[in-house]
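One structure below.
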Amino acid sequence: MPAHRKYDFEEIARLRAQGVPWDQLAEQFNAPSGPSLQSTFSHWTKRVGIPSAEPAALRKIQGIQDADLGVSDPVILTEDQVSRITSLEDLVTFFRVDTDRWQIQGFRVNKWEQHSDKKGVTPLYQVRANLIPKVSPDLVADVRADIADMLSEVSAAQSQVVFPPAPRIPGGGDPVLAVLNIYDPHIGMRAWGEETGQGNQDLQIAVADYGAAVEELLSISRLYPVEEVLFVVGHDLFHFDQAGLNMVGGATARGTPQDVDTRQEKMFTTVRKLVIHSIDRARTVAPVRVRCVPGNHDTQQVYRLGEVLFAWYRHDPDVLVEYSPRKRTFHGWGKNAWMFVHGEEYNRQRDNLPLIFATECPPDIWVNSTHREVLTGHNHRALQGRYHPTSELDEHRSIRVRSLPGLTSPDGWHSEKAFLHTRAATLICYRKSGGVVGLHEFNPTSTR
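To convert, take the position in the sequence shown, counting from 1, and add 224; that gives the working numbering.
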């Protein structure tokens, strides 16, 4: 290579004729960049009289025939021929477009006029067309057949997914509804035992306690002739409902900042997996009815969880998921009726809850019941009744209002205010003929 030349342009021309990209050539010849090498190469082609630096022209320099590469000869139009292409039909005819192989996807025709002293006003045209290959009917039929076969295979596979039948109650005796109440677990909360005096709390601990409560209470339920499990999901199941101030930490549905252990997305995914596993475990006892009850910490999160659970179990005849944006929901079974509400009203409106029950309860549930209860959470403790100091519930006009304990540890705020409680989850079994046949508590090992 001559001393005054920086690059081997003949070699570059040969590689460009093969379609090697400029960036790759720049790296191979130690050029600053692909565009820089392309510019230098362009100056060289002009200096030596090569008409173009594009691969088609370079192939001619190297003596490579376009036909060898499957490239058709370019069509060079004369001025007279160009002037005759004024429509799509002219364009298709001139270029001999095989309309059996090509489909015109779109086209555009432009016209303007050019003035010159010699020719006067000359009309000019621009005709453009976009072509796409036609797909043969046989190919379309084959693809559709393949899709039909695939869908049939998927449908057959789905039909083979058989949910095992849930156990049924043994013969004889009064059937029982097992109500699984794991209230106020506050999954996603952070608590430091040194600060609260009640043990640490984080995502992993909360999940372990919830799972242990499910297992122990369900094992106890097998002592009864359980016809159905009513699994109450919610009641501040999630510790926070939204991101905190400046998207840091978390806050309740009303924006109260909370001590959190995790991010909202991780909390939701963790709880979703936990609850689905718990429902599957309950289903080994009896058919399950899931009742979603929003709390003051997780109003929106519980509704979203209800949507997920409903979709998850929509094809399982032994799991029925019920959720609603309403704060109070009702359920009837046998001669029993319940109103589920989180319980913010318990302290200030406890006496009104029976009246609310009687006012809002659907008539078909009310008239078929003789035993009626309001089940609340929120207070984290089993409250004593005002008129019956030894009772764990209030009763007004034969409607009982029961505040059930919470599973969570106290956080820093509750500890500072001395709002302490015995951590527990409960299983209440009701006879179909009406009334409670058994109440059992689970207590985490850390508090025993």
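The C-beta atom is built at its ideal place from N, Cα and C for all residues, glycine as well.
Since the model is a prediction, treat every value here as computed from it, not as a measurement.
Cutting at 7 Å between CB atoms, please list the residues of its own chain near GLY397, excluding the five before and the five after it.
Here residue 397 refers to the residue found at position 173 of the sequence shown. PRO449.
Alpha carbon of TYR537 to alpha carbon of ILE652, nearest angstrom:
Locating residue 537 in the sequence shown gives position 313, counting from the first residue. Locating residue 652 in the sequence shown gives position 428, counting from the first residue. The alpha-carbon atoms of TYR537 and ILE652 are separated by roughly 24 Å.
Rounded to a whole number of angstroms, what is the C-alpha to C-alpha distance between PRO549 and ARG507?
Position 325 of the sequence shown, counted from the start, is the residue given in the question as residue 549. Position 283 of the sequence shown, counted from the start, is the residue given in the question as residue 507. Computed Cα separation, rounded: 25 Å.
Under the rule that 16 or more other beta-carbon atoms within 10 Å means buried, what is VAL545, buried or exposed?
In the sequence shown, counting from the first residue as 1, residue 545 sits at position 321. It counts as buried.
Could you have a look at PRO361 and say whether DSSP puts it in helix, strand or coil?
Locating residue 361 in the sequence shown gives position 137, where the first residue counts as 1. Residue state, collapsed to three classes: helix.
Rounded C-alpha distance that separates GLN242 from ARG308
Indexing the sequence shown from 1 puts residue 242 at position 18. Indexing the sequence shown from 1 puts residue 308 at position 84. Using only the alpha carbons, I get a separation of about 36 Å.
Are the region 256-274 and the region 230-241 touching, with three or more C-beta to C-beta distances below 8 Å?
yes
For ALA510, which option in SER443, MET374, HIS539 and ASP433 has the closest C-alpha, if you only look at C-alpha atoms?
Here the question's residue 510 lines up with position 286 in the sequence shown. Measuring from the Cα of ALA510, the nearest candidate turns out to be SER443.
Need the endpoints of the alpha helix (DSSP H) that TYR434 sits in, please.
Here the question's residue 434 lines up with position 210 in the sequence shown. That run of the alpha helix (DSSP H) goes 427-445.
Using only the alpha-carbon positions, how far apart do GLN248 and LYS230 sit?
What you label residue 248 is simply residue 24 of the sequence shown in a count that begins at 1. What you label residue 230 is simply residue 6 of the sequence shown in a count that begins at 1. About 17 Å.
Where does HIS267 fall in DSSP's three states?
If you number the sequence shown from 1, residue 267 lands on position 43. Here HIS267 sits in helix by DSSP.
Closest to TRP336 by CA distance: which of ASP322, ILE328, VAL351 and ILE371 is it?
By one-based count along the sequence shown, residue 336 stands at place 112. It is VAL351 whose Cα lies nearest to the Cα of TRP336.
Is THR493 helix, strand or coil by DSSP?
Here residue 493 refers to the residue found at position 269 when the sequence shown is read from its first residue. Three-state DSSP puts THR493 in a helix.
Nearest-angstrom Cβ-Cβ length linking PRO409 and LEU461, presumed shorter than 8 Å:
As a first step, residue 409 is located in the sequence shown; it is residue number 185 there, counting from the start. As a first step, residue 461 is located in the sequence shown; it is residue number 237 there, counting from the start. That pair is a contact at about 6 Å.
Residue closest to CYS516, alpha-carbon to alpha-carbon, out of LEU577, GLN327, LEU579 and PHE534
Sequence index remark: in the sequence shown, residue 516 carries index 292 (1-based). It is PHE534.
Considering THR600, what are the terminal residues of the beta strand (DSSP E) in which it resides?
Position 376 of the sequence shown, counting from 1, holds the residue named residue 600. Start and end: 595-600.
Please check the pair VAL495 and LEU529, which I expect to be a contact at CB under 8 Å, by giving their CB distance rounded to whole angstroms.
As a first step, residue 495 is located in the sequence shown; it is residue number 271 there, counting from the start. As a first step, residue 529 is located in the sequence shown; it is residue number 305 there, counting from the start. Contact flag correct, Cβ pair sits at about 7 Å.
What residues are listed by DSSP as bridge partners for ASN405?
Numbered from 1 along the sequence shown, position 181 holds the residue referred to as residue 405. VAL456 and THR650.
Which residues in the same chain as VAL598 place their Cβ atom closer than 6 Å to its Cβ, once the five residues preceding and following it in sequence are excluded?
By 1-based counting over the sequence shown, the position of residue 598 is 374. So the list reads MET563, LEU577, PHE581 and VAL625, once near-sequence residues are dropped.
Opposing strand residues paired with ALA353 [DSSP bridges]
The residue labelled residue 353 in the question sits at position 129 within the sequence shown. DSSP output for ALA353 lists PHE331 as bridge partner(s).
Looking only at its own chain, which residues have a Cβ that is under 7 Å from the Cβ of LEU293, when we skip the five neighbours before and after it?
Here residue 293 is taken as the residue at index 69 of the sequence shown, counted from 1. Note on LEU293: pLDDT 39, under 50, position unreliable in the model; no value is reported.
Determine the extent of the beta strand (DSSP E) in which GLU665 is found, giving its start and end residues.
The residue given as residue 665 occupies position 441 in the sequence shown. Looking at the DSSP string, the run of the beta strand (DSSP E) that includes GLU665 is 660-666.
Cα separation between THR323 and ALA369?
Here residue 323 refers to the residue found at position 99 when the sequence shown is read from its first residue. Here residue 369 refers to the residue found at position 145 when the sequence shown is read from its first residue. C-alpha separation (whole angstroms): 27 Å.
Excluding the 5 residues preceding and the 5 following VAL403 in the sequence, name in chain order all residues of the same chain whose CB lies nearer than 6 Å to its CB.
Working through the sequence shown from its first residue, we reach residue 403 at position 179. These residues qualify, in order along the chain: LEU454 and ILE652.
Give the secondary structure of THR346 by DSSP, where H, G and I count as helix, E and B as strand, and everything else as coil.
Sequence index remark: in the sequence shown, residue 346 carries index 122 (1-based). In the structure shown, THR346 sits in a strand (DSSP, three-state: E or B).
Minimum length 3: unbroken beta strand (DSSP E) runs contained in the region 519-574
543-546, 553-557 and 560-564
Is HIS555 near GLY659, with beta carbons less than 8 Å apart?
In the sequence shown, the residue the question calls residue 555 occupies position 331. In the sequence shown, the residue the question calls residue 659 occupies position 435. Result no, Cβ atoms of HIS555 and GLY659 do not sit closer than 8 Å.
May I have the straight-line CA-CA distance separating LEU282 from THR269, to the nearest angstrom?
For the purposes of this step, residue 282 is taken as the residue at position 58 of the sequence shown. For the purposes of this step, residue 269 is taken as the residue at position 45 of the sequence shown. Unreliable positioning characterises LEU282 in this predicted model, as indicated by a pLDDT of 47, which lies under 50. The coordinate reading is nonetheless provided below. C-alpha separation (whole angstroms): 10 Å.
Given this structure, state the Cα-to-Cα distance separating LEU315 from ASP232, to the nearest angstrom.
One-based indexing of the sequence shown puts residue 315 at position 91. One-based indexing of the sequence shown puts residue 232 at position 8. Looking at the two C-alpha atoms, the distance is approximately 43 Å.
So GLY567 and THR523 are supposed to be a Cβ contact under 8 Å. How far apart are they, rounded?
Position 343 of the sequence shown, counting from 1, holds the residue named residue 567. Position 299 of the sequence shown, counting from 1, holds the residue named residue 523. That pair is no contact at about 14 Å.
Looking only at C-alpha atoms, which of PRO587, VAL400 and HIS521 sits nearest to GLY458?
Translated into the one-based positions of the sequence shown, residue 458 becomes position 234. Nearest C-alpha to GLY458: HIS521.
List the residues that DSSP assigns as beta-bridge partners of PHE462.
Locating residue 462 in the sequence shown gives position 238, where the first residue counts as 1. Answer is ILE411.
Taking all protein chains shown into account, decide if ALA380 is buried (16 or more other Cβ within 10 angstroms of its Cβ) or exposed.
Residue numbering aside, residue 380 sits at position 156 when the sequence shown is read from its first letter. So ALA380 counts as exposed.
Can LYS224 and SER445 be called in contact, C-beta distance under 8 Å?
Any answer about residue 224 is impossible in this case: the structure gives the chain only from 225 up to 672.
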